[in-house]
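These notes are about the structure you will find just below.
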Amino acid sequence: MRKAFICPTKYVQGEDELLNLGYFIASYGKSALLIAHQDDAARVADKLKATQDKFGVTIVQSPFKGECSRQEIERLRGVGKDNGCDCIVGLGGGKAIDTAKCVAEGDTPLIIVPTIAATDAPTSHSAVVYTPDGAFDDYFYFKRSPSVVMVDTSVIAAAPTRFLVSGMGDALSTYFEARATAASFSNVNAGLPCGARDSALPDGLKPGQCASAKGTMAAMALATLCYKTLLADGPKAKAACDCNMVTPALENIIETNILLSGLGFESGGLAAAHAIHDGLTVLPGTHHSFHGEKVAFGTICQLVLENAPDEELYEVIDFCLEVGLPVCLKDIGVDSISDEELMQVAAKSCIEEESIHAMPFPITVQQVAAAIITADKIGREAKYGSDD
0 MRKAFICPTK YVQGEDELLN LGYFIASYGK SALLIAHQDD AARVADKLKA
50 TQDKFGVTIV QSPFKGECSR QEIERLRGVG KDNGCDCIVG LGGGKAIDTA
100 KCVAEGDTPL IIVPTIAATD APTSHSAVVY TPDGAFDDYF YFKRSPSVVM
150 VDTSVIAAAP TRFLVSGMGD ALSTYFEARA TAASFSNVNA GLPCGARDSA
200 LPDGLKPGQC ASAKGTMAAM ALATLCYKTL LADGPKAKAA CDCNMVTPAL
250 ENIIETNILL SGLGFESGGL AAAHAIHDGL TVLPGTHHSF HGEKVAFGTI
300 CQLVLENAPD EELYEVIDFC LEVGLPVCLK DIGVDSISDE ELMQVAAKSC
350 IEEESIHAMP FPITVQQVAA AIITADKIGR EAKYGSDD
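The sequence shown begins at 0 in numbering that gives the first Met the number 0 and counts up by one.
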């Protein structure tokens, strides 16, 4: 049996770690293209200046416009080439980070600097590409994982708590999706060479499809630790972030959201939770919800879909309620859903290339639609009472 474990070359986490960014840039050359929303860059402007001065490097800024789309990728690739940048720095949230991966193409050295712990995107060698208006487009995979993942915990502690909680929602699915993938002996998100998809990035860049590889024991162990740490430290980390303070619990949850979840999903596999997230993006009301918030509800849907024991289902729902994650459609901006809209969501969740087919039983659109509506009812009753 062929197995694969994928990870970045280096992971570094600590308070004020951003001051060492120039050291890593200098290891690749003299200049870096910074891909970051202008607000994120402004939040850490003093640290960016300090690290440039300390290590004698140049950071070329080109503000990210907010959506990881093919058009934005093409524009930023041009900026990097015009300025002769030696490496790429993706700084900010998941979409800026994914855009940086696409711009680097798997060939240019890539340094990832998350300023929030809202997703597990930083460690992965894959990216989620969206249309300019925010609908899911496709997954892309690259030849290499990020060269460096640098996490400044003081920056993350200063960010709004909602981002940290969203990251816990993304991490919440890791164990359950890895478990389903292992039970079905499905391939994981390895992205090993075996041809290319028909779809392509700008200038003909094509990502590799997932080759035949199963998850490792290491990945399953990390996914399990991910879930256990969420339950143990999630509420305490939320309290610390509310106070903009770095505590051991917050450090643990930052590592959980970024490293454990990142390695767990990529080398352990995705299943129904993320596929249902992708389906939910067809509903305009969900566009104001964060990725991890939708994934949290998708996790509840997956547990309903697989008829998980009540104890497990309500452990997840209770955790979501305690930290403030969505448990029903209303919580992600969908006050009502028509039968037609429900079937559109379910159908998109079940397209041939979606991860939902890693579930250990055959999947139909009707089953997914039923799971979504049932999960919505269970979640509404748990949060709002049976009269809602």
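For every residue, glycine included, the Cβ atom is placed at its ideal position computed from N, Cα and C.
Using a 10 Å radius around the Cβ and a threshold of 16 neighbouring Cβ atoms, would you call T363 buried or exposed? exposed
Which residues mark the beginning and the end of the alpha helix (DSSP H) in which K29 is found? From DSSP, K29 is part of no alpha helix (DSSP H); its letter is neither H nor E.
Bounding residues of the alpha helix (DSSP H) (the contiguous stretch that carries G91): First-last for G91: C86 to G91, but that is the beta strand (DSSP E), not the alpha helix (DSSP H).
Taking just the CA atoms, how far does L33 sit from K205? Note that K205 scores a pLDDT of 44, beneath 50, so its modelled location is shaky and nothing firm can be said.
G207 versus S185: straight-line alpha-carbon distance, rounded: Per-residue confidence for G207 stands at a pLDDT of 43, beneath the threshold of 50, marking its modelled position as unreliable; no derived number is given.
In angstroms with no decimal places, state the Cα-to-Cα distance between L18 and V59. 17 angstroms
Using DSSP's beta-bridge definition, name the partner residues of K2. K213
Contiguous beta strand (DSSP E) assignments of at least 3 residues, all confined to the stretch 124-178: 125-129, 135-140 and 147-151
Below 7 angstroms between beta carbons: does that hold for A394 and V303? This structure cannot speak to residue 394, because the chain is shown only from 0 to 387.
Taking the alpha-carbon of L282 as reference, which of Y10, K329, G105 and D45 has the nearest alpha-carbon? K329
Short Cβ contact (7 angstroms threshold) for T280 with F135: yes
Is any beta-carbon of chain B found at less than 7 angstroms from that of I355? The structure shown contains no chain B, having only a single protein chain.
Between C240, V102 and E176, which lies nearest to V164 when the distance is taken from Cα to Cα? C240
Coil, strand or helix - V367 by DSSP: helix
In chain order, what residues of the same chain lie with their CB nearer than 6 angstroms to the CB of M358, ignoring the 5 residues before and after it? A179, A270 and A271
Limits of the alpha helix (DSSP H) - the one that K64 falls within: First-last for K64: undefined, no H or E at that position.
I377, buried or exposed, once every other Cβ within 10 Å from all chains shown has been counted against 16: buried
Return the first residue and the last residue of the beta strand (DSSP E) that K329 is part of. That residue, K329, is in no beta strand (DSSP E); it is neither H nor E in DSSP.
On the criterion of 16 or more Cβ atoms from any shown chain inside 10 Å, does V367 qualify as buried, or is it exposed? buried
Please state if the CB of P108 and the CB of C84 are separated by a distance shorter than 7 angstroms. no
Who pairs with L109 in a beta bridge, going by DSSP? I87
Within the continuous beta strand (DSSP E) that includes G13, where are the two ends? K9 to G13
Between the stretch 5-16 and the stretch 261-269, can you find at least three pairs of beta-carbon atoms closer than 8 angstroms? yes
Nearest candidate by alpha-carbon position, reference A44, set Y129, V154 and F141: V154
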